Structures are given as C-alpha cells and as structure tokens.
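Take 146 as the starting number for the sequence shown in the working numbering and just add one per residue.
Note that CB positions come from ideal geometry on N, CA and C, so glycine has one too.
These numbers were taken from a predicted model, which means no experiment stands behind them.
The structure under discussion appears below in the form of structure tokens.
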Amino acid sequence: MTNLIERDKKKRILVSNYELKRLQLLSLIHDLTVPKDVRYKSINLLNKFSRNTSKTRVKNRCVLTGRGHSVLRFCGLSRIKFRELASQGRLMGITKASW
Numbered sequence: 146m147t148n149l150i151e152r153d154k155k156k157r158i159l160v161s162n163y164e165l166k167r168l169q170l171l172s173l174i175h176d177l178t179v180p181k182d183v184r185y186k187s188i189n190l191l192n193k194f195s196r197n198t199s200k201t202r203v204k205n206r207c208v209l210t211g212r213g214h215s216v217l218r219f220c221g222l223s224r225i226k227f228r229e230l231a232s233q234g235r236l237m238g239i240t241k242a243s244w
C-alpha cells in the first residue's frame, strides 16, 4: 500500500510543477487567433509531457491506508478510517449525531 501512496505523491508533485506550462500550451492550442504553425508546435510540446503531469491522473486516496474508494474530500480519509477515528474521538469537531 505504501507504493500506491508514494506514486500518488509523485503524481501530485508532477502536476503542480507542470500545471502552468500545461495551461499556457492549452490556451495557445484553443486560441483560434494564433497562427496554425504555433498551435501545432504547442500541440507537439504538450504531447512530449509525461501523462502523469495531467490533473486527471491524480486520484484521491486515504492518507493513512492508501485506499482509493470512498475517500472523504474534506479530511482525506476513507470512510472506514473516518468512522474508526471518529468513534475513538480522535477527530476534532466530529461528534456523533444526536437529536
């Protein structure tokens, strides 16, 4: 499981490093006022980037277990670990509902 977590960290670092470059190239590609040769060059440059530089390759994973399904966005934990830690009282501000 640690391998999945490490791979996800590397992908997140790559995405943050290449985000501005990708946005610049994408804006050039989609801008129809730019000459075609410049647009084709920017397409070729974008194709040379690694696949892992794209945002869609990043998956939300539990920070404790590396589980990829049913991860709560606001805390980064899977539903299983969230329930476990909340019932133990280890999550600040999380209480069991009662009315």
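Identity of the residue in the options nearest residue i by Cα
i           : options               : result
residue 156 : 176, 181, 197 and 165 : 197
residue 219 : 238, 150, 176 and 187 : 238
residue 164 : 195, 209 and 233      : 195
Check whether residue i and residue j have beta carbons under 7 Å apart
i           : j           : result
residue 171 : residue 211 : no
residue 215 : residue 228 : no
Burial state of residue i (16 or more Cβ within 10 Å)
i           : result
residue 206 : buried
residue 226 : buried
residue 232 : exposed
residue 187 : buried
Cβ distance (whole Å) where residue i is taken to contact residue j below 8 Å
i           : j           : result
residue 109 : residue 221 : What is shown of the chain runs 146 to 244, which leaves residue 109 out entirely.
Entirely enclosed beta strand (DSSP E) segments - the region 203 to 238, minimum 3 residues: Fully contained in the region 203 to 238 is no beta strand (DSSP E) run of length 3 or more.
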